[in-house]
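*Asks:* Here the protein sequences come in this chain order: A and B.
Counting from 0, one number per residue, gives the positions in the first sequence under numbering that gives the first Met the number 0.
Counting from 0, one number per residue, gives the positions in the second sequence under numbering that gives the first Met the number 0.
Ideal Cβ positions, reconstructed from N, Cα and C, are used throughout, including at glycine.
Following this message is one structure expressed as structure tokens.
Protein chains: 2
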Amino acid sequence: MLGLMQEWPLLCHKILDHAALFHGGRAVVSRSVEGPIHRTDYRAIRGRALQVAKRLEKDGIGLGDRVATMAWNTGRHLEAWYGILGIGAVYHTLNPRLFSEQIIWIMNDAEDRFLFVDLTFVGLIEAIADKVPSLEKVIILTDRDHMPQTTLANAVAFEDWIAETDQDFAWKEFDERTAAGMCYTSGTTGNPKGVVYSHRSNVLHAMASVQPDMLNLSSRDRMMPVVPLFHANGWSTAFSCPMVGCGMVMPGAGMDGASIHQLLSEERVTVTAAVPTVWLMLLQHLEKTGDTLPDLERVIIGGSACPRSITQAFQETYGVEVIHAWGMTEMSPLGSMCTIKPEYQDLSGEAKLDLQAKQGHPPFTVEMKVTNDENEDLPWDGKTFGRLKVRGPAISASYYKGRGSEQFDGEDWFDTGDVAHIDPHGYMEITDRAKDVIKSGGEWISTIELENLAVGHEDVAEAAVIGIHHPKWDERPLLVIVCKEGCNPSKDAILDFLRGKVAKWWMPDDVAFVDEIPHTATGKIQKMDLREQFKDYSFPGT
Amino acid sequence: MLGLMQEWPLLCHKILDHAALFHGGRAVVSRSVEGPIHRTDYRAIRGRALQVAKRLEKDGIGLGDRVATMAWNTGRHLEAWYGILGIGAVYHTLNPRLFSEQIIWIMNDAEDRFLFVDLTFVGLIEAIADKVPSLEKVIILTDRDHMPQTTLANAVAFEDWIAETDQDFAWKEFDERTAAGMCYTSGTTGNPKGVVYSHRSNVLHAMASVQPDMLNLSSRDRMMPVVPLFHANGWSTAFSCPMVGCGMVMPGAGMDGASIHQLLSEERVTVTAAVPTVWLMLLQHLEKTGDTLPDLERVIIGGSACPRSITQAFQETYGVEVIHAWGMTEMSPLGSMCTIKPEYQDLSGEAKLDLQAKQGHPPFTVEMKVTNDENEDLPWDGKTFGRLKVRGPAISASYYKGRGSEQFDGEDWFDTGDVAHIDPHGYMEITDRAKDVIKSGGEWISTIELENLAVGHEDVAEAAVIGIHHPKWDERPLLVIVCKEGCNPSKDAILDFLRGKVAKWWMPDDVAFVDEIPHTATGKIQKMDLREQFKDYSFPGT
Numbered sequence: 000m001l002g003l004m005q006e007w008p009l010l011c012h013k014i015l016d017h018a019a020l021f022h023g024g025r026a027v028v029s030r031s032v033e034g035p036i037h038r039t040d041y042r043a044i045r046g047r048a049l050q051v052a053k054r055l056e057k058d059g060i061g062l063g064d065r066v067a068t069m070a071w072n073t074g075r076h077l078e079a080w081y082g083i084l085g086i087g088a089v090y091h092t093l094n095p096r097l098f099s100e101q102i103i104w105i106m107n108d109a110e111d112r113f114l115f116v117d118l119t120f121v122g123l124i125e126a127i128a129d130k131v132p133s134l135e136k137v138i139i140l141t142d143r144d145h146m147p148q149t150t151l152a153n154a155v156a157f158e159d160w161i162a163e164t165d166q167d168f169a170w171k172e173f174d175e176r177t178a179a180g181m182c183y184t185s186g187t188t189g190n191p192k193g194v195v196y197s198h199r200s201n202v203l204h205a206m207a208s209v210q211p212d213m214l215n216l217s218s219r220d221r222m223m224p225v226v227p228l229f230h231a232n233g234w235s236t237a238f239s240c241p242m243v244g245c246g247m248v249m250p251g252a253g254m255d256g257a258s259i260h261q262l263l264s265e266e267r268v269t270v271t272a273a274v275p276t277v278w279l280m281l282l283q284h285l286e287k288t289g290d291t292l293p294d295l296e297r298v299i300i301g302g303s304a305c306p307r308s309i310t311q312a313f314q315e316t317y318g319v320e321v322i323h324a325w326g327m328t329e330m331s332p333l334g335s336m337c338t339i340k341p342e343y344q345d346l347s348g349e350a351k352l353d354l355q356a357k358q359g360h361p362p363f364t365v366e367m368k369v370t371n372d373e374n375e376d377l378p379w380d381g382k383t384f385g386r387l388k389v390r391g392p393a394i395s396a397s398y399y400k401g402r403g404s405e406q407f408d409g410e411d412w413f414d415t416g417d418v419a420h421i422d423p424h425g426y427m428e429i430t431d432r433a434k435d436v437i438k439s440g441g442e443w444i445s446t447i448e449l450e451n452l453a454v455g456h457e458d459v460a461e462a463a464v465i466g467i468h469h470p471k472w473d474e475r476p477l478l479v480i481v482c483k484e485g486c487n488p489s490k491d492a493i494l495d496f497l498r499g500k501v502a503k504w505w506m507p508d509d510v511a512f513v514d515e516i517p518h519t520a521t522g523k524i525q526k527m528d529l530r531e532q533f534k535d536y537s538f539p540g541t
Numbered sequence: 000m001l002g003l004m005q006e007w008p009l010l011c012h013k014i015l016d017h018a019a020l021f022h023g024g025r026a027v028v029s030r031s032v033e034g035p036i037h038r039t040d041y042r043a044i045r046g047r048a049l050q051v052a053k054r055l056e057k058d059g060i061g062l063g064d065r066v067a068t069m070a071w072n073t074g075r076h077l078e079a080w081y082g083i084l085g086i087g088a089v090y091h092t093l094n095p096r097l098f099s100e101q102i103i104w105i106m107n108d109a110e111d112r113f114l115f116v117d118l119t120f121v122g123l124i125e126a127i128a129d130k131v132p133s134l135e136k137v138i139i140l141t142d143r144d145h146m147p148q149t150t151l152a153n154a155v156a157f158e159d160w161i162a163e164t165d166q167d168f169a170w171k172e173f174d175e176r177t178a179a180g181m182c183y184t185s186g187t188t189g190n191p192k193g194v195v196y197s198h199r200s201n202v203l204h205a206m207a208s209v210q211p212d213m214l215n216l217s218s219r220d221r222m223m224p225v226v227p228l229f230h231a232n233g234w235s236t237a238f239s240c241p242m243v244g245c246g247m248v249m250p251g252a253g254m255d256g257a258s259i260h261q262l263l264s265e266e267r268v269t270v271t272a273a274v275p276t277v278w279l280m281l282l283q284h285l286e287k288t289g290d291t292l293p294d295l296e297r298v299i300i301g302g303s304a305c306p307r308s309i310t311q312a313f314q315e316t317y318g319v320e321v322i323h324a325w326g327m328t329e330m331s332p333l334g335s336m337c338t339i340k341p342e343y344q345d346l347s348g349e350a351k352l353d354l355q356a357k358q359g360h361p362p363f364t365v366e367m368k369v370t371n372d373e374n375e376d377l378p379w380d381g382k383t384f385g386r387l388k389v390r391g392p393a394i395s396a397s398y399y400k401g402r403g404s405e406q407f408d409g410e411d412w413f414d415t416g417d418v419a420h421i422d423p424h425g426y427m428e429i430t431d432r433a434k435d436v437i438k439s440g441g442e443w444i445s446t447i448e449l450e451n452l453a454v455g456h457e458d459v460a461e462a463a464v465i466g467i468h469h470p471k472w473d474e475r476p477l478l479v480i481v482c483k484e485g486c487n488p489s490k491d492a493i494l495d496f497l498r499g500k501v502a503k504w505w506m507p508d509d510v511a512f513v514d515e516i517p518h519t520a521t522g523k524i525q526k527m528d529l530r531e532q533f534k535d536y537s538f539p540g541t
């Protein structure tokens with residue numbers, strides 16, 4: 000027996016329809032790539048998105064065609080997204096920070112037919128366009144006055160291009176499982192893998208993410224997504240903000256502390272979201288200028304673990320609540336947020352900061368478990384860690400063209416590649432990447448926990464822990480240290496410092512001092528390179 | 000091209016799974032029908048719901064079977080709902096306030112096989128059971144000690160019945176469009192019509208309803224649904240509260256002011272929902288006792304238009320925010336809520352009360368329009384009214400067994416039977432029932448607006464407006480008045496009072512004085528009876 004409710008497919012463009020009708024005048028403010036601040040609203044954005052859709056269709060783009068965007072967060076970028084997905088084509092966000100070879104590889108893998116690109120990146124695209132044979136047209140997100148000289152064939156100014164048509168157009172209707180968007184995730188090994196979002200997954204994800212315990216977005220909020228739309232589905236802000244009529248303040252290319260602060264302050268932003276690096280720059284700006292954040296109520300911090308000092312500065316100096324978030328490109332991206340449940344409502348000081356350092360708890364629609372090597376569930380005691388696996392309607396079932404199938408098990412759980420524990424109230428904390436965790440005599444040792452402890456020693460500037468082969472225990476931890484300038488601690492001093500703070504069998508078997516630890520472009524420790532560096536090392540006496 | 004996201008059907012029991020895992024210890028407190036306050040939590044409720052499911056399956060209940068409940072809001076009633084829907088059977092809520100003949104008709108129409116019933120209603124069921132041949136078993140929601148003497152064959156105490164099995168059971172998986180629940184809507188004419196909710200519609204509805212601009216439910220809230228689960232799908236609280244881990248405080252049979260206040264106060268309820276009558280009783284209790292509402296943050300008022308005096312008393316005397324809500328059994332039920340958008344954030348005093356008297360704006364997933372008799376869209380100017388039509392994934396596409404098909408048009412819009420206007424910011428206000436609106440010379444006159452004006456006259460206790468046949472204009476308004484005791488105004492005095500406050504052609508053609516205006520059981524004016532009473536009336540001079 001089926002229910003007798005209406006067929007009403009969950010389609011992304013219905014979100015913009017809702018915003019235009021019920022929150023039509025709500026401001027969407029952008030720092031334009033050309034320079035000036037540009038103001039529009041949801042009603043106007045919908046009209047222009049319809050124009051984009053009509054124009055794309057006239058150019059022969061339709062259901063399932065991939066259309067790339069390489070652009071900052073602006074109103075025009077939003078119009079491009081909705082115009083693309085509103086005819087069943089697929090927005091494919093390109094990260095301009097990748098190496099050109101990766102961008103070429105990704106565009107060829109996706110077979111992008113059109114590209115919307117910001118002025119900033121025209122040179123980048125000129126250099127690679129002839130290596131992407133599928134690319135038919137490049138729409139530069141500007142007007143005629145700002146069109147650059149370009150070697151690109153078939154390049155056109157966005158404003159000219161849409162001016163050739165009008166807004167008299169109806170969105171297409173199709174199955175809600177139709178692809179809406181694509182974003183490639185660049186693993187540390189192998190080629191990037193394409194994640195393909197559906198209309199259904201984007202809509203459900205946005206509905207889950209606006210809840211009071213998650214982004215807590217209302218029509219009275221003004222959200223500044225500093226996180227770019229090309230990063231992990233733009234953290235869903237392109238859908239969650241219009242869904243509830245929350246105003247949007249788009250920072251364009253201005254990611255420095257001063258530019259961010261200017262918009263936060265002039266547009267009276269109430270909530271904002273970005274990676275820790277952005278917040279570090281903002282805090283440095285505030286310290287230098289003495290500026291404050293009177294309107295800002297909360298910052299969402301994700302992308303990598305948030306340093307405690309950032310949380311503390313926001314909360315104690317500026318009166319802004321920090322909410323740690325965790326997600327993955329494969330999760331649309333929201334996995335969990337560290338909002339405070341009633342069981343922890345009375346925490347303060349260090350205990351509250353300890354809690355806020357966790358990745359938090361998921362909304363309904365995200366299932367989680369931690370498992371051991373035998374894929375058995377582990378207890379939620381806040382200390383037993385295992386592989387973190389997730390399941391839900393906005394979580395990848397597979398990658399584009401079937402790549403990376405080892406991350407999916409038969410039951411549809413997605414293996415995040417993280418190692419984590421979950422506490423009795425459902426707060427998850429990541430303790431390591433699965434590929435970094437050390438397996439000693441069948442038990443796991445968290446390298447991140449050891450590193451965090453080691454940097455507490457006054458002479459230590461940076462610490463990394465890697466597993467080294469051991470004839471008896473399989474692997475044992477080696478602690479690699481960069482000392483602070485002018486400091487010269489002994490191995491024993493370091494080990495003595497750790498002793499008593501961790502289980503005896505977690506104690507590193509040796510300490511190695513180095514001048515530098517290798518990092519990725521985003522500042523994370525590059526453990527693969529470090530392991531390579533120590534590949535001929537063996538523990539004393541083995 | 001389809002997205003590559005997980006198949007994860009939207010099933011109601013996943014909501015309870017989420018609550019049990021991530022908010023397992025959150026309290027669900029009930030005033031039991033036996034008397035004492037009973038405390039449990041989501042983890043325990045899920046366990047016992049699994050027990051119900053396993054026991055039902057053992058008794059031969061399965062996919063598509065209708066299982067009725069006639070019960071107050073308690074933890075046991077929740078366990079019954081989830082136990083029923085978790086095996087793909089259909090919870091069918093019965094309203095004990097209906098006439099016995101209606102209950103018999105409804106149970107036979109639904110062909111209910113089992114019934115969960117509270118002690119309060121055993122006598123009612125004993126009197127009708129032999130007229131419902133499909134009914135195989137009656138589970139009385141109590142334990143052995145409280146089992147009454149009963150003439151019911153196959154009656155069993157809930158606790159004994161589930162004790163025969165355990166919690167080692169897995170929910171069934173099925174298509175998300177599978178029927179989950181049923182609720183009959185009793186129109187003023189004809190037989191009741193069955194609304195059939197699907198798992199998908201219930202889940203989407205709950206996701207839409209917890210948003211900050213709607214119920215605004217978080218894990219830190221404690222919600223008391225005074226509105227019974229048998230009224231319009233229980234306003235979705237059985238799904239929206241566990242979805243976000245909001246605590247629940249269930250009033251059981253104690254609907255009087257003192258009982259409600261006791262729970263509000265002892266359980267520190269933050270949000271509660273009911274029809275205006277309940278709030279009137281509470282306010283009277285507070286006035287009498289001098290009690291206050293220190294923990295309560297907001298009351299959701301729906302079911303019928305909320306008198307201004309109630310809103311004022313809550314907000315001004317007790318510091319509790321009032322949120323007007325509108326919905327229908329056919330809408331799962333949420334249609335709109337009157338939360339404040341930024342455009343109206345600076346309103347205060349009478350202007351704010353005027354806004355709060357509106358039915359409000361819908362969440363994403365509810366589409367609205369107002370149309371004229373030719374089904375053409377009318378402008379959103381806050382004054383042009385027409386038939387209110389709605390569309391969405393949690394709105395009826397048809398009634399059980401295809402009844403009432405005239406309410407559904409070809410485009411899937413559901414005709415609410417209400418007449419309303421919508422303002423430029425998307426606030427909807429109901430001005431009449433479609434069957435009551437007066438059509439004068441092709442134009443519509445709102446009877447509710449005239450009535451609201453007329454009761455502003457100091458001598459008028461109650462007013463009703465009905466359309467009377469007119470040879471030239473088709474219909475013209477007749478104003479029917481009940482005077483306050485000892486008052487005796489003239490027709491002209493009443494008409495003079497209205498003059499200038501409404502368009503000239505809206506002015507009633509006559510005033511009739513009566514001792515009493517007929518009401519429905521729930522206190523609404525029974526216009527059908529009033530029209531019957533005046534069926535031989537004709538305007539002077541026609």
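(1) Excluding five sequence neighbours on each side, which residues of the same chain lie with their C-beta closer than 7 Å to the C-beta of residue 31(A)?
(2) Please identify the residue among 433(A), 122(A) and 332(A) whose C-alpha is closest to the C-alpha of residue 371(A).
(3) Check the C-beta distance from residue 300(A) over to residue 341(A) and give it rounded, since I have them as a contact under 8 Å.
(4) Within the chosen definition, does the region 196-211 of chain B reach the region 382-393 of chain B through at least 3 CB pairs nearer than 8 Å?
(5) Decide if the region 327-335 of chain A is in contact with the region 352-369 of chain A; the criterion is three or more beta carbon pairs, one per stretch, under 8 Å apart.
(6) Nearest-angstrom Cα distance between residue 149(A) and residue 143(A)?
(7) Just the Cα atoms here: how many angstroms apart are residue 440(B) and residue 15(A)?
(8) One question on the structure: do residue 44(B) and residue 86(B) come within less than 8 Å of each other, judged by their Cβ atoms?
(9) Using 8 Å for Cβ pairs, my map puts residue 238(A) next to residue 482(A). What's the rounded Cβ distance?
(10) According to DSSP, is residue 301(B) part of a helix, a strand, or is it coil?
(11) With H, G and I counted as helix, E and B as strand and the rest as coil, what does DSSP make of residue 183(B)?
(12) Taking the alpha carbon of residue 230(A) as the reference point, which residue from 460(A), 272(A), 262(A) and 524(A) has its own alpha carbon closest?
(13) Hey, is residue 27(B)'s beta-carbon within less than 8 Å of any beta-carbon in chain A?
(14) List the residues of chain B that residue 363(A) touches, going by C-beta distances under 8 Å, in chain order.
(15) Against chain A, which members of the region 210-230 of chain B pass a CB distance test of less than 7 Å?
(16) Going along chain E, which residues have a C-beta under 9 Å from residue 481(A)?
(17) What does the Cβ neighbour count give for residue 22(B), buried or exposed, with the cut at 16 atoms within 10 Å?
(18) Is DSSP giving residue 246(A) helix, strand or coil here?
(19) Might you give, ordered along the chain, the residues of its own chain that have their beta carbon closer than 8 Å to the beta carbon of residue 164(A), omitting 5 neighbours on each side?
(20) Would residue 393(A) pass as an interface residue toward chain B - the criterion being a Cβ-Cβ separation below 8 Å?
(21) Of the choices 470(B), 477(B), 523(B) and 291(B), whose alpha-carbon is the least far from that of residue 257(B)?
(22) Sort 140(A), 473(A), 193(A) and 47(A) by Cα distance to residue 102(A) and report the nearest one.
(23) With a threshold of 8 Å, are at least 3 pairs of Cβ atoms found where one atom belongs to the region 105-112 of chain B and the other to the region 150-162 of chain B?
(24) Check whether the Cβ of residue 262(B) lies closer than 8 Å to any Cβ atom in chain A.
*Replies:* Quick answer:
(1) Here residue 31(A) refers to the residue found at position 32 of the first sequence. If we look at residue 31(A) and ignore the five residues flanking it on each side, its Cβ neighbours are 37, 73 and 251.
(2) The sequence position of residue 371(A) within the first sequence is 372, counting from 1. Considering only alpha carbons, the answer is 433(A).
(3) In the first sequence, the residue the question calls residue 300(A) occupies position 301. In the first sequence, the residue the question calls residue 341(A) occupies position 342. Here residue 300(A) is actually not in contact with residue 341(A); their C-beta atoms are around 23 Å apart, not less than 8 Å.
(4) Because the criterion of three Cβ pairs below 8 Å is met, the region 196-211 of chain B and the region 382-393 of chain B touch.
(5) Yes, since at least three Cβ pairs between the region 327-335 of chain A and the region 352-369 of chain A fall closer than 8 Å, the two stretches touch.
(6) Translated into positions along the first sequence, residue 149(A) becomes position 150. Translated into positions along the first sequence, residue 143(A) becomes position 144. One C-alpha to the other measures close to 13 Å.
(7) Within the second sequence, numbered from 1, the residue matching residue 440(B) stands at position 441. Within the first sequence, numbered from 1, the residue matching residue 15(A) stands at position 16. Distance between the alpha carbons of residue 440(B) and residue 15(A) is about 39 Å.
(8) Taking the second sequence and counting its residues from 1, the one referred to as residue 44(B) is at position 45. Taking the second sequence and counting its residues from 1, the one referred to as residue 86(B) is at position 87. The answer is no: Cβ separation not under 8 Å.
(9) Taking the first residue of the first sequence as 1, we reach residue 238(A) at position 239. Taking the first residue of the first sequence as 1, we reach residue 482(A) at position 483. At roughly 48 Å, the Cβ-Cβ gap does not stay under 8 Å, so residue 238(A) and residue 482(A) are not in contact.
(10) Start at 1 with the first residue of the second sequence, and residue 301(B) comes out as number 302. In the three-state DSSP reduction, residue 301(B) falls in the coil class, being neither helix nor strand.
(11) Counting from 1 along the second sequence, the entry for residue 183(B) is found at position 184. Annotated three-state conformation of residue 183(B) is strand, per DSSP.
(12) Residue 230(A) sits at position 231 when you count from the first residue of the first sequence. Among 460(A), 272(A), 262(A) and 524(A), the Cα nearest to that of residue 230(A) is on 272(A).
(13) Your numbering for residue 27(B) matches position 28 in the second sequence. No - not a single Cβ of chain A is within 8 Å of the one on residue 27(B).
(14) The residue given as residue 363(A) occupies position 364 in the first sequence. Those within 8 Å of residue 363(A) in chain B are 13, 14, 17, 206, 242 and 243.
(15) For the region 210-230 of chain B, the set of positions with a beta-carbon nearer than 7 Å to some beta-carbon of chain A reads 210, 211, 212, 215, 216, 217, 218 and 219 in chain order.
(16) Here the protein chains are A and B, and chain E is not one of them.
(17) Here residue 22(B) is taken as the residue at index 23 of the second sequence, counted from 1. So residue 22(B) counts as buried.
(18) Taking the first residue of the first sequence as position 1, residue 246(A) is located at position 247. In this structure, residue 246(A) counts as strand in the three-state DSSP scheme.
(19) Working through the first sequence from its first residue, we reach residue 164(A) at position 165. Once the five neighbours on either side are set aside, the close Cβ partners of residue 164(A) are 50, 53, 54 and 57.
(20) If you number the first sequence from 1, residue 393(A) lands on position 394. Put simply, the CB of residue 393(A) is near chain B, with a gap under 8 Å to one of its CB atoms.
(21) As a position in the second sequence, residue 257(B) is number 258, starting the count at 1. With distances taken between CA atoms, residue 257(B) lies nearest to 291(B) out of 470(B), 477(B), 523(B) and 291(B).
(22) Taking the first residue of the first sequence as position 1, residue 102(A) is located at position 103. Relative to residue 102(A), the option among 140(A), 473(A), 193(A) and 47(A) whose CA is nearest is 193(A).
(23) Under the three-pair Cβ rule at 8 Å, the region 105-112 of chain B does not count as touching the region 150-162 of chain B.
(24) Taking the first residue of the second sequence as 1, we reach residue 262(B) at position 263. Closer than 8 Å to the CB of residue 262(B) there is not a single CB belonging to chain A.
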